[in-house]
Amino acid sequence: MNKSDDISSFFSPKGVAIVGASQTPGKIGHEIVRNIKLSGFSGGVFPVNPNAENVLDLKCYGRLSDIRAEVDLAVIAVPAGLVEGVVRDCIEKGVKAAIIITSGFSEVGNKELEERVVSIARRRLRIIGPNTFGVFYAASRLNATFGPGKVLWGKTAFITQSGALGLALMDWTTEEKYGVSSIVSIGNKADVDDADLVEYFSRDPSTSSILIYMEGLRDGRKFFEASRRAVREKPIVVIKAGRSARGARAASSHTGSIAGQDTIFTAAFEQAGIMRAEGMTQAFDWIQALNENPVPKGENVVIVTNGGGLGVLATDKCEGLGLKLAELPNDLKDEIKAITPSFGSVKNPIDLTANADDVLYGKVLDIVLRRRDVDCVIALFCQTANIDPILVAQAMLDARDRDILEKPITAAFVGGHLSQVAYSRMLEKRFAVYPSAERAVDAMYALMARHRQLEKFKGGGELR
Ligand code: ACO
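The sequence shown begins at 74 in the numbering used here and counts up one residue at a time.
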């Protein structure tokens, strides 16, 4: 790898300088220092500000060159007019990576300044931004953002072109218990772009999946080539905004992106093996299923439910998405028939009836998960007055722990307060659980799509 291609200093720096660090709470340069301190980063932290002695009890330096220790990452939060000079200081100091938080560049038509900054940095300093809220990287305990101080750690690297949406999602992921391995606010992509990050995260051991919020691409070819390589290692899910003509115009005025013709993007995503989600809900549903489950080894899906209606809805959704409901062999049917009420159904969907308690769920899940002719299971539960959803949730969690053949399971809990509690407990235990049957099926669809993709690679095939 060419030295200038290496972007690891953004994620695992030895020392970080915050240029524009401020003593005033609420100012961006203050909040970044606070987040870096609070996140427990173990490398050196060096505030830089000629007008301050110290910031948050850390010694403050007048200029980068005053710092004796090694600094490989600089976070720049000074007004736009000062950025050029700071970038020159970075190069002089031997800094390898700079996150330019500052706005006021190409996004407001100031292309010239942006190009000048990039050309000064060329081949010596890599840049994320300008116009970014920063970078979070869990494995280094580095929160170099002015977003929330607390972020739930997980397995997904999230790359976002929208700053405000990314900041909101930082909070939301923690609230909803979706952890992230990294969050990168990519800003104006003057230097480091989606392709560089996809390449990096495809090799990053702390990342299992990559999620991108994208409005447009500067270099489509580079991105799709990097993605084709990366999907061999990890799934990539993209939310591409600007599907409609009006949406595309909005994207253009938001980040200056050329949203392009949407059908072309759809085809290119498909060819590169990128999964395109409709929006945030679907993207996070898919990511959750992909992160928390093994990939199915085959196509046979079994639905287990206590509600006939829920089973029918799930069946319709499976059909619509091209998921194959397994024909259950007679010996399997007999085994289930022996323990279910006579008014239940042992066809697929397996309807355990409203009498189904945690014990029955546990037994039936064990039976189907043990079978080599079943590849994945969708477990559905409708709240009834006689059964405690929390016990059923525990039965599903226990069944997953006994799932020695490593089959993927998605679940849905539909109902009131107790179902919500059950759902939250399962989420906490990293079970791919959803509040509707349709979403549990859609999440299984993501796993099946990944299975089909890996099968193509195994056969030595390229994606279409
Ligand atoms: N080196 C280091 N520090 C310096 C220098 C220098 N050469 N010159 C001045 N400073 C200090 C200042 O003294 C000040 O510190 P102080 O509070 O102790 O006085 C600090 O640097 C910051 O300078 P200010 O002039 O106070 O600038 P301010 O903090 O108001 O704004 C900022 C700087 C935040 C970078 C602003 O220009 C900006 O771009 N804001 C928008 C950022 C943004 O939204 N980015 C996109 C995020 S994504 C999204 O959409 C949410």
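C-beta: ideal position from N, C-alpha, C; glycine also.
Asked                                                                                                             : Found
Which listed residue (G135, R498, L491, I482) has its alpha carbon closest to that of R512                        : I482
Nearest-angstrom beta carbon gap, N364 and T229 [assumed within contact, 8 Å]                                     : 6 Å
Candidates D162, E479, T218, V253: closest to R445 by CA position                                                 : E479
Ranges of the beta strand (DSSP E) found wholly within the segment 190-229, counting only runs of at least 3      : 199-201, 207-210, 215-218
Nonlocal neighbours in the same chain, by C-beta distance under 8 Å from K307, ignoring five residues either side : F274, S275, T280, S281, S282, I283
Buried/exposed call for A318, threshold 16 Cβ in 10 Å                                                             : exposed
Cβ shell of D430 (< 6 Å), same chain only, five flanking positions each side left out                             : I460
heavy atom of ligand 1 below 7 Å from K100 C-beta                                                                 : yes
P221 Cβ short of 7 Å to ligand 1 heavy atom set                                                                   : no
Beta-ladder partner(s) of I140, from DSSP                                                                         : Per DSSP, none; premise fails for I140.
Closer than 7 Å: V181 CB and nearest ligand 1 heavy atom                                                          : no
beta-carbon P428 near ligand 1 non-hydrogen atom, thresh 7 Å                                                      : The question names Pro, but residue 428 is Asn in the sequence shown. No - ligand 1 has no heavy atom lying nearer than 7 Å to the Cβ of N428.
Cβ neighbour criterion (16 or more within 10 Å) applied to R537                                                   : The predicted model places R537 with a pLDDT of 47, which falls under 50 and marks its position as unreliable; any figure quoted below should be read in that light. The residue is exposed, with fewer than 16 neighbouring Cβ atoms inside 10 Å.
Best match in S258, A211, K250 for proximity to A237 [C-alpha to C-alpha]                                         : S258
L424 - partner residues in DSSP beta bridges                                                                      : Per the sequence shown, the amino acid found at residue 424 is Asp instead of Leu. Paired residue(s): T378, S418.
Span separating the alpha-carbon of A299 from that of A505                                                        : 29 Å
Span of the alpha helix (DSSP H) around P462                                                                      : 462-474
T233 CB to nearest heavy atom of ligand 1 below 7 Å                                                               : no
Assigned secondary structure, R537 (DSSP; H/G/I helix, E/B strand, else coil)                                     : Model confidence at R537 stands at a pLDDT of 47, short of 50, so the residue's coordinates are unreliable; what they give is reported in the following sentence. DSSP places R537 in coil when its eight states are reduced to three.
When S213, E104, L155 are compared against R189, the one with the closest alpha-carbon                            : L155
First and last residue of the uninterrupted alpha helix (DSSP H) at G88                                           : Element bounds for G88: not the alpha helix (DSSP H) but the beta strand (DSSP E), 88-92.
Run of the alpha helix (DSSP H) containing K410, from where it starts to where it stops                           : 403-410
The segment 82-89 / the segment 153-170 touching (three or more Cβ pairs under 8 Å)                               : yes
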